[in-house]
Amino acid sequence: AKAENMPKENIERAIKRATEKDAADYKEVIYEGYGPHGIAFLVETATDNTNRTVANVRMHFNKCGGTLGNSGSVAFMFEHKCVFKFHAPAGADLESIELEMIDLGVDEFYPEEDGVTVYAPYESFGTIQKWLDDNNYEIVSGEGAYLPTDTKELDAVARESVEKLVERLEEDDDVANVYHNMKEPEEAE
-11 AKAENMPKEN IERAIKRATE KDAADYKEVI YEGYGPHGIA FLVETATDNT
39 NRTVANVRMH FNKCGGTLGN SGSVAFMFEH KCVFKFHAPA GADLESIELE
89 MIDLGVDEFY PEEDGVTVYA PYESFGTIQK WLDDNNYEIV SGEGAYLPTD
139 TKELDAVARE SVEKLVERLE EDDDVANVYH NMKEPEEAE
C-alpha cells in the first residue's frame, strides 16, 4: 500500500478493521455508475455489509451529480488488466526481456528510468508473477486494475466535479479502488 502512496491512516484503518472482525465476512463487490459529465465509474469495494455500502456509494454518486448504474452498465468500457512494475538487472537486454514477456501474454511493455512497467490480461497475473520470481527480478508492485478502453476529455471545471466524486468515494471505508474513464490532464496535453 505504501508503494502506491496510500495515506498512512487508510492503511491503519484497513488493518484495524480486518483485525477487529472476521475477515471471512467481507465480500468484494464492484459497483458501476456514471459520474458528472457522463464519466463512467467502476468502484471496487470490500464490505461486511453490502446494504450499507451500496447506500453510501449511491449517496456519493447522487451528491456529486451522478447515478449508480446496474451491473454491466459500464463494465464493458473497461479492460481487466494486471500491471507489474519491476526492476531489471543493470545491463539486462530489455529487448529480449520484452520478447519473453510477450510470450507470457504481456501486451504493453514500458521501460522507464526507475524500472519496467508491463500490462497484460488479468488472467496472466500468476504466470507473469512466477516468471518474474523465477528470473529473480525485483517486483516493485503487481496488481489488478480496470483500465478504460476509451477516455473522455473534460475541461478544468468539469474535471473538478469528477475529482470531487472520486475523492468522496476514495474516502469511504468500504471502497478499495475507484476507476473512471476521464482523461488525465497529462494525457490531454
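Each residue of the sequence shown is one higher than the one before, starting from -11 at the first, in our numbering.
A virtual CB, placed ideally from N, CA and C, is assigned to each residue, including glycine.
With distance defined between alpha-carbon atoms, name the residue in the options nearest to residue i.
i: Phe49; options: Leu153, Thr41, Ala164, Phe74; result: Leu153
i: Ala2; options: Asp160, Glu141, Gly93, Asn169; result: Asp160
i: Thr35; options: Ile27, Ala146, Tyr19, Gly23; result: Tyr19
i: Glu100; options: Met89, Leu82, Ala108; result: Leu82
i: Val31; options: Val42, Val104, Pro173; result: Val42
i: Gly54; options: Val150, Gly130, Tyr125, Tyr167; result: Val150
i: Tyr22; options: Arg46, Lys4, Asp143; result: Arg46
i: Glu111; options: Val104, Gly93, Val62, Lys118; result: Gly93
i: Glu88; options: Val62, Ser61, Ile116; result: Ile116
i: Lys15; options: Thr139, Asp91, Asp122, Asp162; result: Asp162
Can you tell me whether residue i is helix, strand or coil according to DSSP?
i: Gly103; result: strand
i: Tyr186; result: Absent from the model: residue 186. The displayed extent of the chain is -11 to 177, so no value can be given.
i: Pro(-5); result: coil
i: Leu142; result: coil
i: Ser129; result: strand
i: Pro173; result: helix
Sort out for me which residues DSSP pairs residue i with in a bridge.
i: Asn165; result: Glu32
i: Pro136; result: Phe66
i: Val71; result: Tyr107, Glu131
Are the CB atoms of residue i and residue j nearer to each other than 9 Å?
i: Leu135; j: Glu67; result: yes
i: Glu96; j: Ala108; result: yes
i: Phe64; j: Ser129; result: no
i: Ala146; j: His25; result: yes
i: Phe74; j: Tyr167; result: no
i: Glu131; j: Cys70; result: yes
i: Lys171; j: Glu148; result: no
i: Val62; j: Thr38; result: no
Please indicate yes or no: does the CB of residue i lie closer than 8 Å to some heavy atom of the ligand ZN?
i: Ile90; result: For the structure depicted, the ligand ZN is absent and the ligand set is empty, with no information on it obtainable.
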